[in-house]
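Residue numbers for the sequence shown follow UniProt numbering, beginning at 1 and rising by one.
The block underneath contains the structure these notes are about, expressed in structure tokens.
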Amino acid sequence: MSAAPATRTQTTAEIVPFQLRPAPGQWHPHIRALYGYWQSKLPAPDAAGCRLPGRQHLDPVEIPTLLPWLWLIDVQREPPRFRFRLFGTKHYEQMHCDPTGRWCDEAFPSFVSQPTYPDYLKVGLDGLVSYRKGPPAYHVDSECRLLERIMLPLARDGRTVDMILALTLYFRADQALY
């Protein structure tokens, strides 16, 4: 196990407004669709103002066109660790492996040293949304030149993140989607 220690100053119960850059209007339609779906599942705030949707609020039948690019991660908080629960077919095609059921740091030994690891902490521990567009930061098919990804927090109790819902799109050099 190679989980890195993390000290967090914000708890998931203290979710604050933030801005996603670039603005959602500039995202790929699939990314916007998942973000809109996730927002539509936000429950009414509780007494502490917390309101994250949980896995129980989601129904894959409602988003069938997004399923090949979806992935779900279970969140362990102490120590911070992440496990693949679902790995869509497009990820398997790009990465040539299926890590479903495995801890991220076991499936990919350099996971905690990757530049994207702080995104997992931001979403999994702080309950914030993470968006990224840029060159792949991990091994994918050699034809993939760009990826676009969103990671969304899920919390069974509306407060404590226990899962990450994510979608990653892979693009060729000609900007065509895989």
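Virtual Cβ for every residue (Gly too), placed ideally from N, Cα, C.
Residue environment, residue i, which counts as buried when at least 16 other CB atoms sit within 10 Å
{"i": "Pro119", "result": "The question names Pro, but residue 119 is Asp in the sequence shown. Buried, by the Cβ-count rule."}
{"i": "His139", "result": "exposed"}
{"i": "Asp98", "result": "exposed"}
{"i": "Val61", "result": "exposed"}
{"i": "Ile15", "result": "Any reading at Ile15 is ruled out, since the residue's pLDDT is 37, under 50, leaving its predicted position unreliable."}
{"i": "Arg21", "result": "exposed"}
Beta-carbon contacts of residue i that lie in its chain and below 6 Å, excluding the five residues immediately before and after
{"i": "Ala166", "result": "Trp71 and Met151"}
{"i": "residue 179", "result": "Given that the chain is displayed from residue 1 to residue 178, the structure contains no residue 179 and the question cannot be resolved."}
{"i": "Arg149", "result": "Arg132 and Thr168"}
Opposing strand residues paired with residue i [DSSP bridges]
{"i": "Cys97", "result": "Answer by DSSP bridge pairing: none, since Cys97 is not bridged."}
{"i": "Val75", "result": "Phe82"}
{"i": "Ala166", "result": "Trp71 and Met151"}
{"i": "Cys144", "result": "Arg172"}
{"i": "Tyr131", "result": "Ile150"}
{"i": "Trp27", "result": "Paired residues: none, contrary to the question."}
{"i": "Leu177", "result": "Phe171"}
Same chain, Cβ closer than 7 Å to residue i, five either side skipped, listed in chain order
{"i": "Phe87", "result": "Trp71, Asp98, Pro99 and Thr100"}
{"i": "Lys90", "result": "Pro68, Trp69, Tyr170 and Tyr178"}
Any chance the region 100-115 sits against the region 143-159, with 3 or more Cβ pairs inside 8 Å?
Contact between the region 100-115 and the region 143-159 is absent, because fewer than three Cβ pairs lie under 8 Å.
Contact the region 151-160 vs the region 45-62: 3+ CB pairs below 8 Å
Touching, yes, given that three or more Cβ pairs across the two stretches are closer than 8 Å.
Decide if the region 20-32 is in contact with the region 125-138; the criterion is three or more beta carbon pairs, one per stretch, under 8 Å apart.
The region 20-32 is in contact with the region 125-138.
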